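Just so you know, the protein sequences line up as chains A and B, in that order.
Quick note on numbering: the first sequence equals residues 45 to 161 in the working numbering.
Quick note on numbering: the second sequence equals residues 2 to 115 in the working numbering.
For each residue, glycine too, the CB sits at the ideal point set by N, CA and C.
Small disclaimer: the values here were computed from a predicted structure and weren't measured.
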Amino acid sequence: DTGVSQDPRHKITKRGQNVTFRCDPISEHNRLYWYRQTLGQGPEFLTYFQNEAQLEKSRLLSDRFSAERPKGSFSTLEIQRTEQGDSAMYLCASSLSGTNSPGQPQHFGDGTRLSIL
Amino acid sequence: DAKTTQPTSMDCAEGRAANLPCNHSTISGNEYVYWYRQIHSQGPQYIIHGLKNNETNEMASLIITEDRKSSTLILPHATLRDTAVYYCIVRVSAGGTSYGKLTFGQGTILTVHP
């Protein structure tokens, strides 16, 4: 399978603990996005990477959240001191972008579902 | 990015064509129309996108009106597995300084009946 891969698929943790999620994008894709989706809502943008550079962060991304993409390949999203409100599906997407490929779509993984006890 | 308006829900009989409308009256010239769908507990699945011309792929057809203010996603022969939430999104091409993040609305819940 050459799609976007996310790990773990499910994470249950106690309030106050730190959690880290991993995303492996489609191999040739240079752009990587994180979104968050709560029950009954559409996904909301969190942050975006072009290669290893984090170029945009949503106001939803509080200082307890940090994302990295150290070698421009896989990415990690860490949440420190988790809160009840962090319970959601965390989705990763990737795309190929460049002047010769305008409009290329983002392809999503199946997400990590986080439950805070 | 321009906003989109979609019906909250639609029904379709299995084997019939499902036509899902989307209004995007404030779309600008460099904005693409994208369609995704999401089945419960899965990530959004890319279906199709277009700029001006009608598009067709193995999953669906996209019909964009000449003034580009609305579009219709057509699933030619709906099956029970097409039951999902369908999102219509308008987005500037992710080139140059545009990062191309997607802004999802509520989408249309399509239910395909036997």
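- Residue burial annotation: residue 129 of chain A is exposed, with fewer than 16 other C-beta atoms found within 10 angstroms of its C-beta.
- Sequence-distant Cβ neighbours of residue 33 of chain B in its own chain, meaning closer than 8 Å and more than five residues away, are 50, 51, 52, 91, 92, 93, 94.
- Inter-residue distance for residue 44 of chain B and residue 105 of chain B is about 13 Å (C-alpha atoms, whole angstroms).
- In the DSSP assignment, residue 76 of chain A falls within the unbroken beta strand (DSSP E) covering 75-81.
- For residue 54 of chain A, the CB contacts under 6 Å within the same chain, skipping 5 residues up- and downstream, are 157 in chain order.
- What residue 135 of chain A touches in chain B, judged by beta-carbon distance under 8 Å, is 44, 45, going in chain order.
- Per DSSP, the unbroken beta strand (DSSP E) holding residue 22 of chain B starts and ends at 19-24.
- Cβ atoms of residue 117 of chain A and residue 160 of chain A stay farther apart than 8 Å, at about 29 Å.
- Annotated as distal: residue 46 of chain B and residue 86 of chain A, with beta-carbon spacing of 8 Å or more.
- Put simply, the backbone Cα of residue 140 of chain A is about 28 Å away from that of residue 7 of chain B.
- Annotated three-state conformation of residue 47 of chain A is coil, per DSSP.
- Restricting attention to A:154, A:101, A:148, the CA atom closest to the CA of residue 72 of chain A is found in A:148.
- For residue 102 of chain B, the neighbours in chain A by C-beta distance under 8 Å run, in chain order, 77, 89, 92, 100.
- Separation of residue 26 of chain B and residue 69 of chain B (C-alpha to C-alpha, rounded to the nearest whole angstrom) is 8 Å.
- Under the 8 Å criterion on CB atoms, residue 141 of chain A is classed as interfacial with respect to chain B.
- When DSSP states are grouped into helix, strand and coil, residue 12 of chain B belongs to the strand group.
- By a beta-carbon distance limit of 8 Å, residue 84 of chain B contacts residue 113 of chain B. Their separation comes to about 5 Å.
- Per DSSP, residue 121 of chain A is one residue of the beta strand (DSSP E) stretching across 119-123.
- DSSP, read as helix, strand or coil, puts residue 81 of chain B in helix.
- Interface annotation, residue 154 of chain A: in contact with chain B, CB-CB separation under 8 Å.
- Counting the other Cβ atoms within 10 Å of the Cβ of residue 41 of chain B gives fewer than 16, which makes it exposed.
- At least 8 Å separates the beta-carbon of residue 81 of chain A from that of residue 121 of chain A.
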